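Colleague: Sharing a structure here in structure tokens format.
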Amino acid sequence: MTERVLVTGGGGFVACHLIQQLLASGNVVNTTVRNLTNRAKVLPLLTLQKQHPGKLYLFEADLLVDGAFDAPMHDCTVVHHVASPFLLPEKIKDGRREMLEPALLGIRNVLSSVDKTPSVLRVVMTSIVGAIFGDYIDVLHMKNKTLTEDYFNTSSTLETNPYHYAKVEAEKEAWRICEKQTRWSLATINPGMILGPSLYAGLGLRKPVSSG
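Sequential numbering from 1 applies to the sequence shown in the UniProt record's numbering.
Written out as structure tokens, the structure reads:
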């Protein structure tokens, strides 16, 4: 059965691959980017749009704007929440302002739209293994020293690793919001490393030099 699904952060590496696979499986996909005029981010999506006519719809949405995901989420049954604030560690000057607050506001805004969209039954949130452990002292306290869904990173702080700390708090907030209702379910994915080919090559595109 064909489903309409939403993928947030459509211009990112993971989201592009996810969109490609969802389209190949016959789904109708809505996706969001922060700025539709950003050619480097939008070009692969426009190419996928041409390859799958009437199946891929692009929306502009900012994680930090309340209600920005209401329209993109309309009639969707599944939300793949991939978008996330990110800065290289050396660029972070204020962990609370630059990482924690945007991460919490972003997940609240997305899940607020989920709560307002009765068609949504499932949310899949892309997190990171750093939400489970930050330092190996975390692993020493785990049963059989094995990472599982039962644990959260307890060693990272705003001062030592604000990115991981923000991921922990955003995931905890997502679970808190989910537990307040019974219509939609939540799953989180916590990869340690993501490797793979660029979709620019796979779609016959030449990546702009200016995009890195």
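Think of the CB as a built atom: it goes at the ideal place given N, C-alpha and C, for glycine as much as any other residue. Just so it is clear, the structure is predicted and the values come from calculations on it, not from any experiment.
Measuring CA to CA, which of PRO44, HIS81 and VAL5 is closest to ALA170?
Modeller: Along the sequence shown, one-based indexing puts residue 170 at 170. The shortest Cα separation from ALA170 among PRO44, HIS81 and VAL5 belongs to HIS81.
Colleague: For VAL14, tell me which candidate among ASP138, THR31 and SER119 has the shortest Cα-Cα distance.
Modeller: Taking the sequence shown and counting its residues from 1, the one referred to as residue 14 is at position 14. With distances taken between Cα atoms, VAL14 lies closest to THR31.
Colleague: Taking all protein chains shown into account, do 16 or more other C-beta atoms lie within 10 angstroms of the C-beta of TYR136, making it buried, or fewer, making it exposed?
Modeller: In the sequence shown, residue 136 corresponds to position 136, counting from 1. TYR136 comes out exposed.
Colleague: Give a yes or no on contact between the segment 25-39 and the segment 1-9, applying the rule of three or more CB pairs nearer than 8 angstroms.
Modeller: yes
Colleague: Leaving out five residues before and five after CYS178 in sequence, what residues of the same chain have Cβ atoms less than 8 angstroms from its Cβ?
Modeller: Within the sequence shown, numbered from 1, the residue matching residue 178 stands at position 178. Here the set comprises LEU111, VAL123, TRP184, SER185 and LEU186.
Colleague: Give the straight-line distance between the Cα atoms of GLU3 and GLU60, rounded to the nearest whole angstrom.
Modeller: If you number the sequence shown from 1, residue 3 lands on position 3. If you number the sequence shown from 1, residue 60 lands on position 60. Near 21 angstroms, if we compare the C-alpha coordinates of GLU60 and GLU3.
Colleague: Kindly identify the DSSP beta-bridge partner or partners of ILE189.
Modeller: Within the sequence shown, numbered from 1, the residue matching residue 189 stands at position 189. Answer by DSSP bridge pairing, in chain order: THR126.
Colleague: Does PRO89 pass the burial test, meaning 16 or more other C-beta atoms within 10 Å, or should it be called exposed?
Modeller: Counting from one through the sequence shown, the residue named residue 89 turns up at place 89. It is exposed - the Cβ of PRO89 has fewer than 16 other Cβ atoms within 10 Å.
Colleague: Give the list of continuous beta strand (DSSP E) stretches no shorter than 3 residues that lie fully inside the segment 1-53.
Modeller: If we require 3 residues or more, the beta strand (DSSP E) runs fully inside the segment 1-53 come out as 4-7 and 28-33.
Colleague: The alpha helix (DSSP H) that contains TYR57, what's its start and end?
Modeller: The residue given as residue 57 occupies position 57 in the sequence shown. Premise fails: TYR57 lies in the beta strand (DSSP E), 56-60, not in any alpha helix (DSSP H).
Colleague: Whose CA, out of ILE128, LEU195 and LYS55, lies closest to the CA of THR148?
Modeller: Locating residue 148 in the sequence shown gives position 148, where the first residue counts as 1. When each option's Cα is compared against that of THR148, the closest is ILE128.
Colleague: For SER210 and HIS17, I'd like the C-alpha separation in whole angstroms.
Modeller: Against the sequence shown, residue 210 aligns to sequence position 210. Against the sequence shown, residue 17 aligns to sequence position 17. Confidence at SER210 is low in this model, with a pLDDT of 39, below 50, so its placement is unreliable and the value that follows should be read with caution. The straight-line gap from Cα to Cα measures roughly 22 angstroms.
Colleague: Between which two residues does the beta strand (DSSP E) harbouring residue 214 extend?
Modeller: Nothing about residue 214 can be read from this structure; the chain reaches only from 1 to 212.
Colleague: Between which two residues does the alpha helix (DSSP H) harbouring VAL176 extend?
Modeller: Working through the sequence shown from its first residue, we reach residue 176 at position 176. Reading off the sequence, residue 176 comes out as Arg, not Val. It spans 162-178 - the alpha helix (DSSP H) in which ARG176 sits, taken as one unbroken run.
Colleague: Classify ARG206 as buried or exposed, calling it buried when 16 or more other Cβ atoms lie within 10 Å of its own Cβ.
Modeller: As a first step, residue 206 is located in the sequence shown; it is residue number 206 there, counting from the start. Because the pLDDT at ARG206 is just 49, under 50, the model does not fix this residue reliably, and the value given afterwards should be weighed accordingly. ARG206 is exposed by the Cβ-count criterion.
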